[in-house]
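Comments concern the structure below.
Residue numbers (our numbering): 28 to 528.
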């Protein structure tokens, strides 16, 4: 018997144990997005706004539009890969295909022609930010969906996500270290290396090559799993772009009818809006609010991903002890507190002075513990979505990892885009000065710097309370998931018997 609607067939043959090599190479593939996120989250907005003097509104708008475009294409990529047929399965063809276009678009993004005006610079940023994100989507959505297919075990899924999160964070850390230590280092002539215009193109080339290596290693290293992964079944569909978009919207709507997923989806909308503002303003904060040197920036930005990588080591244990919902609630609230408290203490005069060792040590410690805490939410969230995929399959008979993770990515990127726009507009609203001549806090009024801190900290991060409330409504726990997996196993055996018959 065959499924006329076009679902996904269960894996063919007995799945071998998921070994270290598979988990390692799968997780290593996430380093590519970590590298891209590190560059986008720290350097991109600052480069265009402060170094190239593009207005904050235009810079934020370009980055935001690119994210919205990315958000729209993510579910489409998920839907296409869910229904793809090839000898390499549903996910791997896209993983191999994305590597080279990603590197080229990323390099051009950080290498605009000299002499561009405001509108031309905006257009260049928009075009190559869109192309970079589109190429990453082509890889990232199938890759993250692949992770949900590698195992159905409730606890081992947390381990798989932990590998992915570890290498994502490793990639982000590598982007920071490569940036500040190799390209944006301090010299007597340029004490703050992030103002060195000529360093951005070679920085982008180095990261682009590392992204290609990460993607190819992951795709090649997990190819042995292809025979055991779910495959598309049913009649082939020849779809136009419009038909694919309609199918995508239908599948997103179906995903959101799942109550557990709807609450997680709502909560992550708030989280990524905060992340968008953070990524737009973090290097501004370090340059003017905290006045960190290149070495200080390296230590500051490194502390967070190191904390995240340390936190991955305890994520599964915490999930076992407390289940998944408490972990995701704790991680989200912890991130927000670490964002708010230092700024509030500085404004009220209870934080170490700029330029002191005490300030740097305190900030590094705060970022480290922020990373340890927030990764509990990041890993647990991905694991919870994978459990929801099982619940959805039980209800509908279709296995659609791609559309679920693409929907999460859609919400994250859409609201991160809004956050970037908000951050850019906020800089213009507080009359933030821009250009390479503005290199220290002495060049900016104290009131303007205070407003920068308020926007970055309590004003935006305070919205985390809404996200925590949404997560608290999640109801899919360990016992219910165990029942779901058992029911799915019975159904698959029955389906296999009918096909044999």
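Quick reminder that beta carbons are idealized off the backbone N, C-alpha and C, glycines included. On a predicted model such as this, the values are computed, not experimentally measured, just so you know.
1. For the stretch 335-351 against the stretch 477-485, are there 3 or more C-beta pairs whose distance is under 8 Å?
2. In or out: residue 511 buried (at least 16 other Cβ within 10 Å) or exposed?
3. So, is residue 384 buried or exposed, given that buried needs 16 or more other C-beta atoms within 10 angstroms?
4. According to DSSP, is residue 77 helix, strand or coil?
5. Thinking just about the alpha-carbon of each residue, which of 425, 373, 368 is nearest to the one in residue 397?
6. Anyone know if the C-beta pair for residue 133 and residue 63 falls short of 8 Å?
7. For residue 501, which three-state DSSP category applies?
8. Rounding to the nearest angstrom, what Cα-Cα distance links residue 399 and residue 335 in this structure?
9. Would residue 196 be called buried (16 or more neighbouring beta carbons within 10 Å of its own) or exposed?
10. How many angstroms separate the CA atom of residue 139 from the CA atom of residue 86?
11. Leaving out five residues on either side along the sequence, give the residues of the same chain with a beta carbon under 6 Å from the beta carbon of residue 457.
12. To which residues of the same chain is residue 290 closer than 6 Å at the C-beta, ignoring the five residues directly before and after it?
13. Which of the three DSSP states is assigned to residue 362 in this structure?
14. What is the DSSP secondary structure of residue 445, counted as helix, strand or coil?
15. For the putative contact between residue 554 and residue 301, defined by C-beta atoms under 8 Å, what is the C-beta separation to the nearest angstrom?
16. Do you know how far the Cα of residue 312 is from the Cα of residue 393?
17. With distance defined between alpha-carbon atoms, name the residue in 423, 118, 464, 70 nearest to residue 281.
18. Any chance you could list the alpha helix (DSSP H) runs of at least 4 consecutive residues sitting entirely within the stretch 269-350, in chain order?
19. Is it true that the stretch 145-157 meets the stretch 187-201, where meeting means three or more beta-carbon pairs spaced less than 8 Å apart?
20. Below 8 Å on the Cβ atoms is my guess for residue 90 versus residue 71; work out the distance and round it to an integer in Å.
21. Flag this pair as yes or no: are the beta carbons of residue 183 and residue 345 separated by less than 8 Å?
22. Answer yes if the stretch 120-134 comes into contact with the stretch 164-180, meaning at least three C-beta pairs across the two stretches below 8 Å, and no otherwise.
23. Taking one C-beta from the stretch 400-420 and one from the stretch 348-357 each time, how about it: are there three or more such pairs within less than 8 Å?
24. For residue 421, which residues in the same chain have their Cβ closer than 7 Å to its Cβ, ignoring the five residues on either side in sequence?
25. For residue 216 and residue 210, what's the separation of their Cα atoms in angstroms?
26. If you count every other CB in all the chains shown that lies within 10 Å of the CB of residue 29, and 16 or more means buried, which is it?
27. In whole angstroms, give me the CA-to-CA distance for residue 320 and residue 240.
28. Which stretch, first to last residue, makes up the alpha helix (DSSP H) that contains residue 63?
29. Specify the secondary structure class of residue 111 as computed by DSSP and reduced to three states.
30. Buried or exposed: where does residue 235 fall if 16 or more other Cβ atoms within 10 Å of its Cβ makes it buried?
31. When DSSP labels each residue in this structure, what does residue 46 get in the three-state scheme?
32. Looking at residue 459: is its Cβ nearer than 8 Å to the Cβ of residue 56?
Based on what the coordinates show:
1. no
2. By the 10 Å Cβ count, residue 511 comes out buried.
3. Taking every protein chain shown into account, the CB of residue 384 has fewer than 16 other CB atoms within 10 angstroms, so this residue is exposed.
4. helix
5. 368
6. yes
7. coil
8. 5 Å
9. buried
10. 14 Å
11. 475, 478
12. So the qualifying residues of the chain are 497, 500, 501.
13. Helix.
14. Three-state result, residue 445: helix.
15. With the chain covering only 28 through 528, there is no way to say anything about residue 554.
16. 15 Å
17. 423
18. 286-311, 321-349
19. Judged by Cβ distances under 8 Å, the stretch 145-157 makes no contact with the stretch 187-201, as fewer than three pairs qualify.
20. 7 Å
21. Cβ atoms of residue 183 and residue 345: not closer than 8 Å.
22. Yes, they touch.
23. yes
24. Correct list, in chain order: 511, 514, 515.
25. 15 Å
26. Legend: pLDDT at residue 29 = 33, less than 50; position of this residue unreliable, value from coordinates given subsequently. With fewer than 16 other Cβ atoms within 10 Å, it is exposed.
27. 31 Å
28. 58-65
29. coil
30. Around the beta-carbon of residue 235, 16 or more other beta-carbon atoms lie within 10 Å, marking it buried.
31. coil
32. Cβ atoms of residue 459 and residue 56: not closer than 8 Å.
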